[in-house]
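**Student:** Numbering (the numbering used here), first residue to last: 838 to 921. Following this message is one structure expressed as C-alpha coordinates.
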(Lines of atoms letter the chains of each structure in order from A and count residues from 1; the text may use other names and numbers.)
(Lines give C-alpha, C1' and ligand atoms only; values in the text may rest on other atoms or scores of the structure.)
Protein backbone atom coordinates (compact mmCIF):
# COMPACT_ATOMS: atom_id res chain seq x y z
CA UNK A 1 0.00 0.00 0.00
CA UNK A 2 2.82 2.36 0.88
CA UNK A 3 4.39 1.83 -2.54
CA UNK A 4 1.16 2.70 -4.33
CA UNK A 5 0.73 5.88 -2.30
CA UNK A 6 4.31 6.79 -3.14
CA UNK A 7 3.58 6.27 -6.85
CA UNK A 8 0.49 8.49 -6.71
CA UNK A 9 2.34 11.20 -4.78
CA UNK A 10 5.24 11.06 -7.22
CA UNK A 11 2.81 11.28 -10.16
CA UNK A 12 1.11 14.32 -8.61
CA UNK A 13 4.46 16.00 -8.01
CA UNK A 14 5.69 15.24 -11.53
CA UNK A 15 2.50 16.51 -13.17
CA UNK A 16 2.47 19.62 -10.99
CA UNK A 17 6.09 20.46 -11.79
CA UNK A 18 5.57 19.78 -15.48
CA UNK A 19 2.23 21.52 -15.97
CA UNK A 20 1.79 24.40 -13.54
CA UNK A 21 3.26 27.62 -14.90
CA UNK A 22 1.38 30.44 -13.22
CA UNK A 23 1.21 30.88 -9.44
CA UNK A 24 -0.55 34.25 -9.68
CA UNK A 25 -4.00 32.71 -9.95
CA UNK A 26 -5.86 30.19 -7.82
CA UNK A 27 -7.50 28.78 -10.95
CA UNK A 28 -5.77 26.58 -13.50
CA UNK A 29 -5.36 28.00 -16.96
CA UNK A 30 -6.84 26.00 -19.82
CA UNK A 31 -3.40 24.78 -20.90
CA UNK A 32 -2.49 23.80 -17.32
CA UNK A 33 -5.75 21.90 -16.91
CA UNK A 34 -5.24 20.07 -20.21
CA UNK A 35 -1.66 19.22 -19.29
CA UNK A 36 -2.70 17.94 -15.84
CA UNK A 37 -5.44 15.77 -17.36
CA UNK A 38 -3.05 14.23 -19.91
CA UNK A 39 -0.25 13.75 -17.40
CA UNK A 40 -2.44 12.20 -14.72
CA UNK A 41 -4.17 9.96 -17.28
CA UNK A 42 -0.79 8.58 -18.32
CA UNK A 43 0.20 8.04 -14.70
CA UNK A 44 -3.05 6.28 -13.90
CA UNK A 45 -2.74 4.06 -16.99
CA UNK A 46 0.79 3.07 -15.97
CA UNK A 47 -0.39 2.40 -12.42
CA UNK A 48 -3.19 0.15 -13.72
CA UNK A 49 -0.66 -1.86 -15.73
CA UNK A 50 1.54 -2.19 -12.65
CA UNK A 51 -1.45 -3.32 -10.60
CA UNK A 52 -2.31 -5.98 -13.17
CA UNK A 53 1.27 -7.30 -13.05
CA UNK A 54 1.16 -7.23 -9.26
CA UNK A 55 -2.13 -9.15 -9.23
CA UNK A 56 -0.71 -11.75 -11.63
CA UNK A 57 2.55 -12.23 -9.72
CA UNK A 58 1.34 -11.88 -6.13
CA UNK A 59 -0.16 -15.40 -5.77
CA UNK A 60 3.17 -16.92 -6.84
CA UNK A 61 5.04 -14.77 -4.33
CA UNK A 62 2.63 -15.76 -1.56
CA UNK A 63 2.90 -19.46 -2.44
CA UNK A 64 6.69 -19.32 -2.50
CA UNK A 65 6.81 -17.52 0.84
CA UNK A 66 4.33 -20.00 2.34
CA UNK A 67 6.48 -22.92 1.17
CA UNK A 68 9.60 -21.30 2.67
CA UNK A 69 7.85 -20.75 5.99
CA UNK A 70 6.54 -24.31 5.97
CA UNK A 71 10.07 -25.64 5.40
CA UNK A 72 11.37 -23.52 8.27
CA UNK A 73 8.60 -24.81 10.51
CA UNK A 74 9.30 -28.41 9.48
CA UNK A 75 13.01 -27.93 10.26
CA UNK A 76 12.20 -26.49 13.68
CA UNK A 77 9.84 -29.37 14.39
CA UNK A 78 12.54 -31.86 13.40
CA UNK A 79 15.08 -30.17 15.66
CA UNK A 80 12.62 -30.13 18.55
CA UNK A 81 11.77 -33.81 18.02
CA UNK A 82 15.47 -34.75 17.96
CA UNK A 83 16.11 -32.85 21.20
CA UNK A 84 13.36 -34.67 23.08
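Ideal Cβ positions, reconstructed from N, Cα and C, are used throughout, including at glycine. None of the values given here were measured: they were computed from a predicted structure.
Quick check on residue 856: buried or exposed, where buried means 16 or more other Cβ atoms within 10 Å of its Cβ?
**Tutor:** Residue 856 comes out buried.
**Student:** Measuring CB atoms only, is the stretch 875-888 touching the stretch 845-861, in the sense that at least three cross pairs come out at less than 8 Å?
**Tutor:** Yes, since at least three Cβ pairs between the stretch 875-888 and the stretch 845-861 fall closer than 8 Å, the two stretches touch.
**Student:** Quick check: what's the CA-CA separation for residue 849 versus residue 911?
**Tutor:** Taking the straight line joining both Cα atoms gives about 47 Å.
**Student:** For residue 852, does the count of other Cβ atoms within 10 angstroms reach 16, so buried, or fall short, so exposed?
**Tutor:** Buried: at least 16 other Cβ atoms inside 10 Å.
**Student:** Rounded to the nearest angstrom, how far is the Cβ of residue 858 from that of residue 869, given a contact under 8 Å?
**Tutor:** Contact holds; Cβ gap of about 6 Å.
**Student:** In the DSSP assignment, the alpha helix (DSSP H) including residue 902 goes from what residue to what residue?
**Tutor:** Where residue 902 is concerned, the enclosing alpha helix (DSSP H) stretches over 867-920.
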